[in-house]
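Chemist: Take 1036 as the starting number for the sequence shown in the numbering used here and just add one per residue.
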Amino acid sequence: MKTVAEYLESLRRRNIRLFLRGEQILPAAILDHPLIAPSIRALAESYRLASQPGWQELMTAPSSFIAERVNRFTHIFEQPDDLLKKIKMQRVLGRLTGTCFQRCVGMDALNAVYNTTYEIDRAEGTIYHTRFKEYLRHVQREDLVLCGAMTDPKGDRRRAPSEQPDMYLRVVERRPDSVVVCGAKLHQTGVVNSHEILVMPGRSLRPEEADFAVAFAVPVDAPGITLVYGRKPNDDRRYDCHIDQGNPQYGNQEAIVLFDNVEVPMQQVFLLGETAWATLLVDDFAAYHRQSYGGCKPGNGDVLIGAAALIARINGVENASHIREKLVEMVQLNETMHACGIACSTQCVRTPAGAYRVDWLLANVTKQNVTRNPYEMARLAEDIAGGLLVTLPAEEDLRHPDYGTTLQHYLTGAYGDAETRQRVLRLIETMTIGETAAAFRTESMHGAGSPQAQRVRIAVQADLEDKIALAKRLAGLVDADTARIEQAEDHLARVNALKK
Ligand code: SF4
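1) For the beta strand (DSSP E) containing Asp1295, name the first residue and the last one.
2) Whole angstroms are fine: how far does the CA of Ala1510 sit from the CA of Ala1497?
3) Determine the DSSP secondary structure at Asn1228, reduced to helix, strand or coil.
4) Bridge partners for Phe1251 per DSSP, in chain order?
5) Since Ala1390 and Glu1159 should fall inside the 8 Å C-beta cutoff, what is the C-beta to C-beta distance between them, to a whole number of angstroms?
6) For Phe1054, which residues does DSSP report across the bridge?
7) Helix, strand or coil for Tyr1149? Go by DSSP, reduced to three states.
8) My understanding is that Lys1121 touches Arg1138, with C-beta atoms under 8 Å, so please give their C-beta distance in whole angstroms.
9) Going by the C-beta, is Gly1482 closer than 6 Å to any heavy atom of the ligand SF4?
10) Does the distance between the C-beta of Glu1478 and the nearest non-hydrogen atom of the ligand SF4 fall short of 6 Å?
11) Helix, strand or coil for Arg1205, going by three-state DSSP, please let me know.
12) Provide the residue span of the beta strand (DSSP E) that contains Asn1106, from first to last.
13) With a threshold of 16 other CB atoms inside 10 Å of the CB of Asn1369, please say whether the residue is buried or exposed.
14) Using the C-alpha atoms, what's the distance from Glu1454 back to Thr1441?
15) Restricting to Cα atoms, I'd like to know which of Gly1218, Arg1325, Ala1413 is closest to Val1366.
16) Helix, strand or coil: how does DSSP classify Ala1184 here?
17) Whole angstroms are fine: how far does the CA of Glu1208 sit from the CA of Gly1334?
18) For Glu1364, tell me which candidate among Leu1315, Val1400, Asp1418, Cys1379 has the shortest Cα-Cα distance.
19) Once you ignore the five residues that flank Ala976 on each side, which residues in its own chain have a CB closer than 6 Å to its CB?
20) Across the region 1118-1135 and the region 1181-1192, are there enough close Cβ pairs to call them in contact, namely three or more that are closer than 8 Å?
21) Tell me the DSSP secondary structure of Ser1098 in three-state form.
22) Please confirm whether any heavy atom of the ligand SF4 lies closer than 6 Å to the CB of Gln1137.
23) Would the beta-carbon of Ile1358 fall within 7 Å of that of Arg1456?
24) Any heavy atom of the ligand SF4 closer than 6 Å to the beta-carbon of Cys1379?
25) Determine which residues share a DSSP beta bridge with Gly1218 and list them.
26) Using alpha carbons as the reference points, say which of Glu1500, Val1105, Val1148 lies closest to Tyr1323.
27) Does DSSP classify Arg1434 as helix, strand or coil?
28) Tell me which residues share the same chain as Asn1146 and place their Cβ nearer than 7 Å to its Cβ, disregarding the 5 neighbours each side in the sequence.
29) Looking at the structure shown, is Ser1213 part of a helix, part of a strand, or coil, going by DSSP?
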């Protein structure tokens, strides 16, 4: 496994083509760039913790593919317990960084492609799974960061890919040993800090949409790839502030990835034209990443709850009953997200490929809670913090030779000094309305699919007919539907047998 120093050096060695605010950022400048460096530090924690005594059990796992322990972010969920450990690892990293540490998308994509390629090969006689296992060994041996790339631009969403081909990543040329792809992927978390991109189709496809049914891996610096860095609220503060950043140490990152005639060797292609399998790949990836949010967001939530409790102490109101009640409410909302993450992990099933898959319905319910609870937690934190959250002067003012001391006098509360208060308020500010709110709020809403995407899958997976049959039986409406109850009981028995 890589050390942090080796990871940083490996980033420096890539020849990526990156633009930020209209300027090209050369590879040598990426590690020290004020906007990018906090996101690299957040991701690097996944390497640092993996090498720390006492953390190996959580951060690493034995791989049957290379017969060595690997970083858990490159691991296939080979045992049911791997899913639970994943959630716990994400909570730890969420607590440590207070933001998105970016490495989970690649882990979830690895597992979804692993499961799906096995099933495609079994049904279609292809060799994608064999290829993919070779690729997986490379990822595990090199301890790589993968960017899992799914979201296409989609353009006019009323129109299918075949009606607006340039809005979806697609194959534009098939060569004997490679394919050439064009298009773009949006919202790519951590891609600038990644070694490779694992691309998947962004949606279900019709039989005539074979060119869009493509999954493959490419280095992030492959010829034809351009990265365009996304902006975040208040990101200007990264350039010339310290305390006013709120979380100067860590940040997250998204970029748009442009693919302009990128050639992919066939050895790195894991789906090519089998449209019917796009849905399974999308569903499996989405479920794994919706599970992930039951780990990272409660970890971030722990930080926000701590900051809210601390500002209450600074304001001298920590024992006020309404403040205690609000903090309890924040904890309840936070633990609900985590409880759902644990539930969908423990209710896992074995896939035909021999790995473990989260309970899809419970994973979608997890993510639905995550689309809501951080917003209410942010509202409660703002309520507890008071209006100074958005009226506090800059750190330069608190140090001003003329009026700085006076300002500090008026900004001192019941606990600590004025700078203590400033630091805590800025942390709450960044998590609720500032730069890292992109991770705690908007990413909670739209990451791993927007709320409606989960509701569509919940509607499919909830099996309402089964529930109607239960109601009919108790209401004395005995008919053919009651047979469904027995089927449900059979299903439960099978699931329980599997777990044993
Ligand atoms: Fe990981 Fe959470 Fe960021 Fe997704 S949003 S990459 S699960 S930290």
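Every residue, glycine too, gets a C-beta built ideally from N, C-alpha and C.
Modeler: So, to answer that:
1) In the sequence shown, counting from the first residue as 1, residue 1295 sits at position 260. Its beta strand (DSSP E) spans residues 1289-1300.
2) To locate residue 1497, count along the sequence shown from 1; it is residue 462. To locate residue 1510, count along the sequence shown from 1; it is residue 475. Each residue's alpha carbon lies about 21 Å from the other.
3) Along the sequence shown, one-based indexing puts residue 1228 at 193. Here DSSP, grouped into helix, strand and coil, assigns Asn1228 to helix.
4) Within the sequence shown, residue 1251 is the residue found at index 216, counting from 1. DSSP, once it has assigned bridges, lists Val1234, Val1304 as partnering Phe1251.
5) On the sequence shown, position 355 is the one that residue 1390 refers to. On the sequence shown, position 124 is the one that residue 1159 refers to. Wrong, their Cβ atoms sit about 20 Å apart, outside the cutoff.
6) The sequence position of residue 1054 within the sequence shown is 19, counting from 1. According to DSSP, Phe1054 bridges with Gln1059, Val1263.
7) For this step, residue 1149 is matched to residue 114 along the sequence shown. Per DSSP, reduced to three states, the secondary structure at Tyr1149 is helical.
8) Along the sequence shown, one-based indexing puts residue 1121 at 86. Along the sequence shown, one-based indexing puts residue 1138 at 103. Wrong, their Cβ atoms sit about 11 Å apart, outside the cutoff.
9) Position 447 of the sequence shown, counted from the first residue, corresponds to residue 1482. For Gly1482, the CB falls within less than 6 Å of some heavy atom of the ligand SF4.
10) Taking the sequence shown and counting its residues from 1, one reaches residue 1478 at position 443. Within the cutoff, so yes.
11) As a working mapping, residue 1205 is identified with position 170 in the sequence shown. It is a strand residue.
12) The sequence position of residue 1106 within the sequence shown is 71, counting from 1. For Asn1106, the uninterrupted beta strand (DSSP E) segment begins and ends at 1103-1106.
13) Working through the sequence shown from its first residue, we reach residue 1369 at position 334. It is buried - the Cβ of Asn1369 has at least 16 other Cβ atoms within 10 Å.
14) Taking the sequence shown and counting its residues from 1, one reaches residue 1441 at position 406. Taking the sequence shown and counting its residues from 1, one reaches residue 1454 at position 419. The alpha-carbon of Thr1441 is positioned some 13 Å away from that of Glu1454.
15) Position 331 of the sequence shown, counting from 1, holds the residue named residue 1366. Closest in alpha carbon position to Val1366, among Gly1218, Arg1325, Ala1413, is Ala1413.
16) Taking the sequence shown and counting its residues from 1, the one referred to as residue 1184 is at position 149. Reduced to three states, the DSSP call for Ala1184 is strand.
17) Within the sequence shown, the letter at position 299 stands for residue 1334. Within the sequence shown, the letter at position 173 stands for residue 1208. Each residue's alpha carbon lies about 44 Å from the other.
18) Along the sequence shown, one-based indexing puts residue 1364 at 329. Checked all of Leu1315, Val1400, Asp1418, Cys1379; the closest Cα to Glu1364 is Asp1418.
19) Since the displayed the chain opens at 1036 and closes at 1535, residue 976 lies outside it and no answer follows.
20) Taking 8 Å as the limit for Cβ pairs, the verdict is that the region 1181-1192 does not touch the region 1118-1135.
21) Within the sequence shown, residue 1098 is the residue found at index 63, counting from 1. Looking at Ser1098 - three-state DSSP - the assignment turns out to be strand.
22) Against the sequence shown, residue 1137 aligns to sequence position 102. Yes, the beta carbon of Gln1137 sits closer than 6 Å to at least one heavy atom of the ligand SF4.
23) As a first step, residue 1358 must be located in the sequence shown, where it is residue number 323. As a first step, residue 1456 must be located in the sequence shown, where it is residue number 421. By the CB criterion at 7 Å, Ile1358 and Arg1456 fall outside the cutoff.
24) Reading the sequence shown from its first residue, position 344 is the one you call residue 1379. Checking every heavy atom of the ligand SF4 against the Cβ of Cys1379, none is found closer than 6 Å.
25) Position 183 of the sequence shown, counted from the first residue, corresponds to residue 1218. According to DSSP, Gly1218 bridges with Phe1294.
26) In the sequence shown, residue 1323 corresponds to position 288, counting from 1. Answer by Cα proximity: Val1148.
27) Against the sequence shown, residue 1434 aligns to sequence position 399. Coil.
28) What you label residue 1146 is simply residue 111 of the sequence shown in a count that begins at 1. Spatial neighbours of Asn1146 in its own chain (CB-CB distance under 7 Å, excluding positions within 5 residues in sequence) are listed in chain order as Ile1111, Phe1112, Tyr1323, Ala1390.
29) Stepping through the sequence shown from its first residue, residue 1213 is reached at position 178. Ser1213 carries a strand assignment under DSSP once its states are collapsed to helix, strand and coil.
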